[in-house]
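**Student:** Numbering (this note's numbering), first residue to last: 160 to 290.
Cβ atoms here follow ideal geometry from the backbone N, Cα and C, with glycine treated the same way.
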C-alpha cells in the first residue's frame, strides 16, 4: 500500500515537472529572449553543423586564398546559398514573429552574423559572407 502511494506521488511529481519544462517564459523577458533564441536558432545550427564547422575552420586570406583555403571554399560553394536561403525562409520569419511580440525590428543579416559568431566563426569570415 505504501509503495503504491509513493509510486503514485512520484508519478504525479514527474508529470508536473514535465508540464513545467514545456512552459514558455513570459514574453519579452530576458528568459523569453534566450528561450526564443534557442527555439529558433538551435535547429538551424543543428541542420548546418557541418557547414558552420567548415566556416569556423577557414584559414588564410579570403581575398586571395591559398590552395587549402580555396579548396575549403570550393566545398562550401553549393551549401552556403542553401544555408542562406533556409535561414531566410525558416529562421527569419520566426525571428520576425518573435520580434513583433516585443515591437523591436531586427535585420536578418545581423541575426545570421550573431548566430555564426556565437558558433565561433571568425570575424573576417563573417565580413566575407556579408558581401
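Could you check what DSSP says for residue 261 in three-state terms: helix, strand or coil?
**Tutor:** For the purposes of this step, residue 261 is taken as residue 102 along the chain shown, with counting starting at 1. Three-state DSSP puts residue 261 in a helix.
**Student:** Exposed or buried, which one is residue 257 when buried takes at least 16 other CB atoms within 10 Å?
**Tutor:** Position 98 of the chain shown holds residue 257. Buried.
**Student:** Would you call the region 190 to 203 and the region 244 to 258 touching, i.e. three or more CB-CB distances under 8 Å?
**Tutor:** Yes, the region 190 to 203 is in contact with the region 244 to 258.
**Student:** Once the 5 residues before and after residue 274 are set aside, which same chain residues still bring their CB inside 6 Å of it?
**Tutor:** As a working note, residue 274 is residue 115 in the chain shown. Cβ neighbours of residue 274 beyond the five flanking positions: 200.
**Student:** Could you check whether residue 235 and residue 213 sit closer than 7 Å to each other, using their CB atoms as the reference points?
**Tutor:** Taking the chain shown and counting its residues from 1, the one referred to as residue 213 is at position 54. Taking the chain shown and counting its residues from 1, the one referred to as residue 235 is at position 76. The answer is yes: Cβ separation under 7 Å.
**Student:** Once the 5 residues before and after residue 279 are set aside, which same chain residues still bring their CB inside 7 Å of it?
**Tutor:** Taking the first residue of the chain shown as 1, we reach residue 279 at position 120. Here the set comprises 215.
**Student:** Tell me the DSSP secondary structure of residue 266 in three-state form.
**Tutor:** Looking up residue 266 in the chain shown gives position 107. With a pLDDT of 47 at residue 266, under the threshold of 50, the predicted position of this residue should be treated as unreliable, though the coordinate-derived value follows. Here residue 266 sits in coil by DSSP.
**Student:** Quick one: what does DSSP say residue 202 is sitting in, helix, strand or coil?
**Tutor:** The count along the chain shown starts at 1 and reaches residue 202 at position 43. Residue 202: helix per DSSP, three-state reduction.
**Student:** Using a Cβ-Cβ cut-off of 7 Å (strictly less than) and excluding sequence neighbours within five positions of residue 194, which residues of its own chain qualify?
**Tutor:** Residue numbering aside, residue 194 sits at position 35 when the chain shown is read from its first letter. 183 and 184, listed in sequence order.
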